[in-house]
Each structure stands twice: as C-alpha cells, then as structure tokens.
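First the structure, in the form of structure tokens, and then the observations on it.
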Amino acid sequence: MVAPLIEIKDISFEYEQTKALENISMSVQEGDFLAILGPNGSGKSTLLKIMLGLIKPTKGSIKLFGVDSKQFKNREWVGYVSQKSNSFNSGFPATVEEVVAGGLAKKSGLFRRLPKSAREDVKEALEAVGMEAFIDRSVSELSGGQQQRVFIARALVAKPKVLILDEPTVGIDHQNVQSFYNMLASLNRDKKITLVLVTHDVDTVTDRITHVACLNQTIHFHGFKEQLHTMSDEQREAWYGHSVRKIHHVGGSHSHA
Amino acid sequence: MLEAIFSYEFLQNAFGAGLIIGVIAPLLGVFIVVRRLSLIADALSHVTLAGIAGSLYLSQSAAVFASLNPLFLGIFASVGGSVLIERLRSLYKHYEELAIPIILSAGIGFGAIFISLAQGFSNDLFGYLFGSVSAVSREDFLIVAGIAIVVLLFIRLFFKELFVLSFDDEYAKASGLPAKWVHFLFMIVTALVIAGSMRIVGILLVSSLMTIPVATAMRVSKSFKQTIFLSILFGELSVITGLFTAFYFNLAPGGTIVVTSIFLLLVVIGYKKAAVSRKKGAIA
Ligand SMILES: Nc1ncnc2c1ncn2[C@@H]1O[C@H](COP(=O)(O)OP(=O)(O)OP(=O)(O)O)[C@@H](O)[C@H]1O
Ligand SMILES: [Mg+2]
Chain C
1 MVAPLIEIKD ISFEYEQTKA LENISMSVQE GDFLAILGPN GSGKSTLLKI MLGLIKPTKG
61 SIKLFGVDSK QFKNREWVGY VSQKSNSFNS GFPATVEEVV AGGLAKKSGL FRRLPKSARE
121 DVKEALEAVG MEAFIDRSVS ELSGGQQQRV FIARALVAKP KVLILDEPTV GIDHQNVQSF
181 YNMLASLNRD KKITLVLVTH DVDTVTDRIT HVACLNQTIH FHGFKEQLHT MSDEQREAWY
241 GHSVRKIHHV GGSHSHA
Chain L
1 MLEAIFSYEF LQNAFGAGLI IGVIAPLLGV FIVVRRLSLI ADALSHVTLA GIAGSLYLSQ
61 SAAVFASLNP LFLGIFASVG GSVLIERLRS LYKHYEELAI PIILSAGIGF GAIFISLAQG
121 FSNDLFGYLF GSVSAVSRED FLIVAGIAIV VLLFIRLFFK ELFVLSFDDE YAKASGLPAK
181 WVHFLFMIVT ALVIAGSMRI VGILLVSSLM TIPVATAMRV SKSFKQTIFL SILFGELSVI
241 TGLFTAFYFN LAPGGTIVVT SIFLLLVVIG YKKAAVSRKK GAIA
C-alpha cells in the first residue's frame with residue numbers, strides 16, 4: 001500500500017496552559033475526503049496547524065507524503081484555508097489577482113518572479129469559486145463571504161494534492177455553501193485532490209465526504225462515514241458532551257435532517 | 001538655478017542622496033505600513049541617534065575614531081536595535097508592542113548621555129536631528145547609494161515572499177515560505193534605510209518619509225503594485241520640493257520634506273472627497 005499522505009502518530013499538544021490534543025493517531029489516504037468534527041475548543045484548528053507545520057507537537061511525530069514533517073519541503077502540495085479572518089490584514093491595498101497569485105509564491109521558487117502564466121492560473125482558480133468577475137477588484141472592498149472565496153482560490157491556484165480547510169464556509173450564504181461543497185466534492189472526485197475539512201455543517205457535508213473523525217482532545221472515532229453509527233451513545237457523549245445531537249443519519253439514506 | 005546645484009559638490013551629494021532616499025524609504029515604507037510596523041521605524045531612528053551621538057563622542061575622546069563617519073555606528077546601532085526588538089517581541093508574545101517603547105527609550109537614553117558627554121557639536125546635532133543640505137559628504141552619499149543597492153536587491157529577490165508575508169503571515173508560514181528569514185532580513189534592511197535616510201531628513205523625521213507617502217498612496221491606489229509606485233512618486237515629489245525650499249530659504253530639509261508630504265496627503269484626501277461627492281451627486 002502507498003504511504004498515507006498524512007500520517008499522525010501519537011501526537012499531543014499543549015498551549016501554555018491548555019492541553020489541546022492528547023495521543024492523536026490517524027492517517028489520511030490519497031483520495032480521502034475527511035471531515036473533522038468536534039465542539040468549539042476541541043482542538044480541530046490545532047490539529048490542522050500541526051499538519052501544516054505551523055506549530056510543533058509537544059510529543060509524537062507526523063509524516064507528510066511519507067516524509068517526516070520537519071524534513072518535508074514540498075509545502076506547495078498542501079493548500080490551506082484558515083479559519084476566517086484571524087490573520088488576514090483587512091484594509092490591505094491589493095487586488096484579488098495579487099492575493100490569489102500569492103498562492104503561487106512557494107511553487108515558483110525562491111528568488112524568482114511569478115511566471116507569465118500566473119494570470120491564467122489565477123483566472124482558473126477564481127472560476128472554480130465563481131469569482132472570476134472580481135479579478136481586478138480590491139480585496140478590502142469585498143464582502144466577508146467573497147473574501148473567503150478568494151482565499152479558497154488562493155489555496156487552489158498552486159494545484160495542491162491535499163487541501164486543508166478550517167471552517168471555510170463561515171460567512172458564506174446557504175445557497176453558496178451548497179455549491180461550495182459541490183465544488184469540493186468535484187475537486188475530490190475529478191481532480192483527485194485529497195481533502196481535510198473542519199466544519200460544523202454536518203448535515204450538508206455528509207453526502208459528499210468519505211471519512212469522518214470525531215475529535216475532542218482525543219480521537220473518539222475515525223473511519224468511513226458509513227461506520228459512524230457503530231459509535232455507542234456513551235462514546236458520543238464523551239465526544240460532544242451532553243448537548244450532543246444524534247447524527248445517526250450520517251451515511252444513511254436521509255438527505256435532510 | 002539647476003546649474004548652481006550641479007556646480008557645488010555638497011549640493012550634488014545632498015540631491016543625489018535625497019533622490020535615492022525618495023525611492024527606497026517609501027518603497028520599504030509600503031511594507032512597514034501594511035505590516036503595521038510604523039512605530040518600529042520610529043524606535044529604530046532613535047536608536048540610530050544613540051549610535052551617532054556615541055560616535056561623535058568617541059571621535060572627540062579617542063584619536064582612532066576621529067575620522068570615523070558617524071553613520072557607521074548609526075547603522076550598527078540601528079541594525080542591533082532591530083535584532084533586539086525582534087528578541088523582545090518574541091519574549092512578550094502577547095504584548096509585542098511593548099518592545100517599541102523599550103527600545104525607543106533606550107535609544108533616547110543613550111543618545112542623551114552621549115550628547116551631554118560630548119561637547120560642542122550642537123551644530124552637527126541639529127543636522128542629524130532635522131536633516132541637512134550642506135552636511136552631506138561624498139562618503140555619506142556613497143553609503144546611501146550602497147544601502148540603496150542592498151534594498152533594491154532585497155526587494156527584487158523577495159518581493160513575492162514579502163507580499164504574502166505582509167498580507168497574511170500565517171498563510172506565508174503554512175505555504176512553506178521562509179517567513180522567519182525574510183522577516184529577519186526585512187528588519188535589517190529597514191534599519192539600513194533608517195540610518196541612510198537620516199542624513200537628509202533627520203532622525204526625528206525619518207519614519208515620516210517611510211509612512212506619509214504610503215498613507216497618501218493608499219488613499220487612491222487599487223492594487224499593491226500601484227501603491228508602491230504612487231508611494232515612490234509622492235516620496236520623490238516631497239524630497240525634491242523639500243530640498244529646493246530648504247536650500248533657497250535656508251531651512252532644515254527634514255522639515256520642508258515632511259511638510260510637503262503632509263501637504264500632498266491633504267491634497268489627495270481633498271481630491272478623493274471631492275471625487276466621491278461628485279459621483280454621489282451624479283447618481284442623485
Ligand atoms: N493561541 C492559543 N493560545 C492558547 N490556547 C489556545 C490557543 N489557540 C487555541 N487554544 C486553546 O486550545 C484548545 C483548542 O483550540 P482550537 O482552536 O484547536 O479549537 P477548535 O476545535 O478549532 O475550536 P473552534 O470550533 O472554536 O474553532 C482550546 O481550549 C483553546 O482555548
Ligand atoms: Mg478552530
């Protein structure tokens with residue numbers, strides 16, 4: 001069997017005071033569409049940041065494409081859309097084209113200018129998110145949802161093999177959430193892009209994903225979405241606390257909750 | 001009148017250095033402004049003052065330093081200060097801005113001590129504080145030209161990394177760009193530009209040449225490249241106008257350059273306001 005694209009072994013992570021992750025082991029295979037689910041503060045973003053090499057685990061190891069994360073050089077294979085607006089510098093004087101082209105920076109190599117073909121790539125990525133008409137607009141004049149799509153285009157432009165998305169649909173309206181997930185599903189199906197998605201839109205994604213991970217400091221479930229119903233009520237409660245909403249329909253015949 | 005300028009060497013030096021600074025200060029300033037580091041530029045300029053005052057004091061008290069260009073120690077102090085600021089910023093993760101007043105006061109503190117130790121350079125000092133048309137030596141000019149080459153090379157080599165880093169530093173790191181290194185080099189280059197600009201605009205006004213033209217450009221520009229282009233244009237206009245008025249009316253060029261740049265800012269803000277209300281009027 002080919003090495004998993006992402007392989008996490010026994011990882012723990014603590015912020016200065018808070019323990020965020022404990023003994024996490026999981027792997028993502030090529031072609032997976034994995035949804036990571038869990039309540040607020042359960043460590044989802046932290047886990048993604050570890051996958052991206054933004055933070056180093058206190059314990060454990062992580063391999064990307066079979067290579068230890070510390071040695072992994074081909075970060076352009078991994079696209080990233082962060083949880084909205086935490087790091088983006090609002091009011092920044094740049095056009096949509098310039099921002100999306102930033103996604104090509106790593107791929108085109110150090111000390112080099114962006115290639116002539118960049119504008120074509122940017123157009124293509126913007127078309128994928130339905131924003132091609134905005135290519136010459138200033139990013140700071142777009143609505144929050146439109147900006148979010150621009151960031152998704154930026155993640156797509158370098159044609160990554162894996163796309164890691166942290167609550168990408170926050171701020172996108174209901175109808176566009178549907179078409180956004182359709183777009184992700186087609187990237188997964190047609191372009192064979194592996195997807196790791198953190199989301200609270202459980203009902204909307206279930207039809208499109210292949211795998212589910214239930215996270216709350218530790219992994220409470222990880223596997224094909226069809227097997228999610230094997231989780232016992234106790235396990236569910238341990239994962240999501242008392243207010244857990246049953247999601248037995250995941251993978252079932254229901255199309256609507 | 002132009003002939004007069006080109007017949008005096010000191011004027012050649014001042015205008016040559018001024019024209020160069022009019023490009024590199026706003027160019028780097030664009031990144032400083034969008035990264036919200038304007039106050040760091042201020043802190044570094046005060047550290048440069050300490051280096052210069054230290055050098056002037058040393059040249060009085062030790063013969064070996066008598067002919068040393070004070071700019072060198074100024075550059076040294078500025079670069080050292082930028083490294084220290086980075087250190088402090090990572091030490092106070094949640095109060096990053098604390099590094100700025102700490103370094104700024106350290107700069108003024110040492111500066112004040114050296115100034116009071118050394119005697120009788122109030123004339124020189126005035127030039128270093130507010131800039132000077134007459135005090136720019138050929139050596140100063142060559143140092144500024146050298147700094148400009150470093151700056152242009154740096155921007156040319158790391159433009160896309162700098163852009164991504166400025167827009168969204170977490171994304172820069174996640175996409176595997178050498179964000180830490182680029183940022184470190186950026187701080188060093190900023191320190192160089194501050195020390196270099198100081199001869200013309202003066203320590204107290206260096207940061208304004210890095211920020212006001214950018215503030216002006218941002219009012220009207222649509223893209224990042226355009227912001228850079230307009231910042232340099234406004235910077236250059238301010239420097240040229242400022243140097244001419246300083247020369248003819250015997251004023252400190254730091255003052256005339258900065259006042260010109262403020263004037264340009266007001267004109268652009270006014271123009272923008274008028275354009276917007278005209279548009280609204282047309283719709284109504
Ligand atoms: N920068 C930080 N410094 C200290 N603690 C943090 C930091 N970021 C997150 N934490 C803590 O780590 C835990 C996990 O946070 P994380 O952001 O990974 O949760 P999450 O599952 O993404 O939540 P959400 O659904 O709200 O996005 C939380 O208890 C949080 O308070
Ligand atoms: Mg999160």
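Here the protein sequences come in this chain order: C and L. So that you can map any letter, position 89 of the first sequence is 89 in this note's numbering, and since no number is skipped, the others follow by simple counting. So that you can map any letter, position 28 of the second sequence is 28 in this note's numbering, and since no number is skipped, the others follow by simple counting. For glycine and all other residues, C-beta sits at the position ideal for the given N, C-alpha and C.
About 7 Å separates the CB atoms of residue 136 of chain L and residue 200 of chain L; that is less than 8 Å, so the two are in contact.
Partner residues in the beta bridge of residue 7 of chain C, as assigned by DSSP, are C:27 and C:63. For residue 218 of chain L, at least one C-beta of chain C is nearer than 7 Å to its own C-beta. Using a Cβ distance threshold of 7 Å, residue 23 of chain L and residue 214 of chain L do not count as a contacting pair. Contact annotation for residue 227 of chain L against chain C: 93 and 94 [CB-CB distance below 9 Å, chain order]. In this structure the region 221-232 of chain L lies against the region 14-31 of chain L, because at least three pairs of beta carbons, one per stretch, are closer than 8 Å.
With a threshold of 6 Å, the Cβ atom of residue 225 of chain L does not count as near ligand 1, since no heavy atom of the ligand is closer than that. Taking a C-beta cut-off of 7 Å against chain C, the contacting residues of the region 20-40 of chain L are 34, listed in chain order. Between residue 182 of chain L and residue 163 of chain L, the gap from beta carbon to beta carbon reaches 7 Å or more.
Contact annotation: in the region 183-196 of chain C, no residue has its CB less than 9 Å from a CB in chain L. If you check each beta-carbon in the region 31-52 of chain C against every beta-carbon of chain L, the ones closer than 7 Å belong to 52. Shortest Cα-Cα distance from residue 7 of chain C to any of C:23, C:28, C:16 and C:196 involves C:28. Between residue 33 of chain C and the set C:219, C:205, C:157 and C:46, the nearest pair of CA atoms involves C:205.
Chain-ordered, the residues whose CB falls short of 5 Å from any heavy atom of ligand 1 come out as C:15, C:18, C:20, C:40, C:41, C:42, C:43, C:44, C:45 and C:46.
C-alpha of residue 278 of chain L to C-alpha of residue 270 of chain L: approximately 12 Å in a straight line. Looking at the DSSP output, residue 68 of chain C sits in a beta bridge with C:63. When DSSP states are grouped into helix, strand and coil, residue 14 of chain C belongs to the strand group.
Distance from the C-beta of residue 83 of chain C to the nearest heavy atom of ligand 2 is below 6 Å. Boundaries of the beta strand (DSSP E) harbouring residue 220 of chain C: 218-224, taken from the DSSP string. Linking residue 88 of chain L to residue 106 of chain L through their CA atoms gives a straight-line distance of about 13 Å. Listed in chain order, the positions of the region 166-177 of chain L with a beta carbon within less than 9 Å of a beta carbon of chain C are 166, 167, 168, 169, 170, 171, 172, 173, 174, 175, 176 and 177. When beta bridges are read from the DSSP output, residue 138 of chain C appears opposite C:95. Contact between residue 134 of chain L and residue 10 of chain L holds, since their C-beta atoms are separated by about 5 Å, short of 8 Å.
Assignment of residue 186 of chain L by DSSP, reduced to helix, strand and coil, places it in the helix class.
The three-state secondary structure of residue 44 of chain C, taken from DSSP, is helix. Residue nearest to residue 126 of chain L within the set L:191, L:56 and L:96 is L:56 (criterion: CA-CA distance). In this chain, the alpha helix (DSSP H) harbouring residue 149 of chain L covers 138-167. Annotation: residue 123 of chain C has no Cβ neighbours in chain L at a cutoff of 7 Å; minimum Cβ distance is about 16 Å.
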